[in-house]
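Q:
In the numbering used here, the protein residues as written are 539 to 721.
And the structure:
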């Protein structure tokens, strides 16, 4: 098993992508910490992983709450002895909107604010735990709308482009600390 004795946190673990990634990590031997907003969904994912022989623990975590995100990452380190992998699959809402000419600024700005804040906070919290050990990997999903403009995606494309830029900055700063960043 490739991830035996590794600890992984999956943010957005209640969604389809996050749940699938968490299951994959568990199948490879990782102890998986599931984080998201809906406890019932996270508990279901944890039960599915446990039924297959994996180890998973669920926690309700609002990725926009700085204190909650920091405490959750620190709790993983206290409980499991460290954090090796952070995967961010947080959804930023509906991709489709209206033409920019008709879009209220709040609708344009919401996915940008949510995406950048959640990715920054979760990556920073994980990196702080990983830096003490000198190793780790932070993975973040983005979308093709970061590089390809499509009609009526509004701030979502801009948000994913900003997330990719943030990931490049994290990679530049965290690489010397032994932490890889991929997106």
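Built from N, CA and C at the ideal position, the CB exists for glycine as well.
Can the beta-carbon of residue 658 be found closer than 8 Å to that of residue 602?
A: Taking the chain shown and counting its residues from 1, one reaches residue 658 at position 120. Taking the chain shown and counting its residues from 1, one reaches residue 602 at position 64. Cβ distance not < 8 Å, so residue 658 and residue 602 don't count as in contact.
Q: If you draw a straight line from the alpha carbon of residue 550 to that of residue 581, how long is it in whole angstroms?
A: Taking the chain shown and counting its residues from 1, the one referred to as residue 550 is at position 12. Taking the chain shown and counting its residues from 1, the one referred to as residue 581 is at position 43. C-alpha separation (whole angstroms): 13 Å.
Q: Using the rule of at least 16 other Cβ atoms within 10 Å of the residue's Cβ for burial, across every protein chain shown, is residue 656 buried or exposed?
A: Working through the chain shown from its first residue, we reach residue 656 at position 118. Under this definition residue 656 is a buried residue.
Q: Using CA coordinates, which residue listed in 540, 599, 544 is at the minimum distance from residue 668?
A: On the chain shown, position 130 is the one that residue 668 refers to. It is 544 whose Cα lies nearest to the Cα of residue 668.
Q: Mapping the DSSP letters down to three states, classify residue 638 as helix, strand or coil.
A: Numbered from 1 along the chain shown, position 100 holds the residue referred to as residue 638. Note: residue 638 maps to coil in three-state DSSP.
Q: By DSSP, does residue 583 sit in helix, in strand, or in coil?
A: Mapped onto the chain shown, residue 583 falls at position 45. If DSSP states are grouped into helix, strand and coil, residue 583 belongs with the helices.
Q: Would you mind reading off the limits of the alpha helix (DSSP H) that contains residue 696?
A: Taking the chain shown and counting its residues from 1, one reaches residue 696 at position 158. Taken as a continuous stretch (DSSP letters only), the alpha helix (DSSP H) holding residue 696 covers 693-712.
Q: Quick one: what's got a C-beta closer than 6 Å to residue 716's C-beta in the same chain, skipping five residues either side?
A: For the purposes of this step, residue 716 is taken as the residue at position 178 of the chain shown. Closer than 6 Å at the Cβ level, and outside the excluded window around residue 716, lie 672, 673.
Q: Which stretch, first to last residue, makes up the beta strand (DSSP E) that contains residue 717?
A: For the purposes of this step, residue 717 is taken as the residue at position 179 of the chain shown. From DSSP, the beta strand (DSSP E) with residue 717 extends over 717-720.
Q: How long is the line joining the alpha carbons of residue 662 and residue 642, rounded to whole angstroms?
A: Counted from its first residue, the chain shown places residue 662 at position 124. Counted from its first residue, the chain shown places residue 642 at position 104. Whole-angstrom Cα-Cα distance: 31 Å.
Q: Rounded to whole angstroms, what's the CA-CA distance from residue 712 to residue 616? Just pull it up for me.
A: As a position in the chain shown, residue 712 is number 174, starting the count at 1. As a position in the chain shown, residue 616 is number 78, starting the count at 1. Looking at the two C-alpha atoms, the distance is approximately 22 Å.
Q: Between the region 584-598 and the region 642-651, do at least 3 Cβ pairs fall closer than 8 Å?
A: Judged by Cβ distances under 8 Å, the region 584-598 makes no contact with the region 642-651, as fewer than three pairs qualify.
Q: By the 10 Å Cβ neighbour count, where 16 or more other Cβ atoms means buried, how is residue 569 classified, buried or exposed?
A: The residue labelled residue 569 in the question sits at position 31 within the chain shown. Answer is buried; the Cβ neighbour count reaches 16.
Q: Would the beta-carbon of residue 567 fall within 8 Å of that of residue 539?
A: Here residue 567 refers to the residue found at position 29 of the chain shown. Here residue 539 refers to the residue found at position 1 of the chain shown. In contact: residue 567 and residue 539 (Cβ atoms closer than 8 Å).
Q: Please say whether residue 627 and residue 547 have beta carbons closer to each other than 8 Å?
A: Indexing the chain shown from 1 puts residue 547 at position 9. Indexing the chain shown from 1 puts residue 627 at position 89. Taking 8 Å as the Cβ cut-off, residue 547 and residue 627 do not qualify as a contacting pair.
Q: Note down the Cα distance separating residue 556 from residue 613, rounded to an integer number of angstroms.
A: The count along the chain shown starts at 1 and reaches residue 556 at position 18. The count along the chain shown starts at 1 and reaches residue 613 at position 75. Near 20 Å, if we compare the C-alpha coordinates of residue 613 and residue 556.
Q: Under 8 Å Cβ to Cβ from residue 586, same chain only, skipping five residues before and after it: list those, please.
A: The count along the chain shown starts at 1 and reaches residue 586 at position 48. 557, 561, listed in sequence order.
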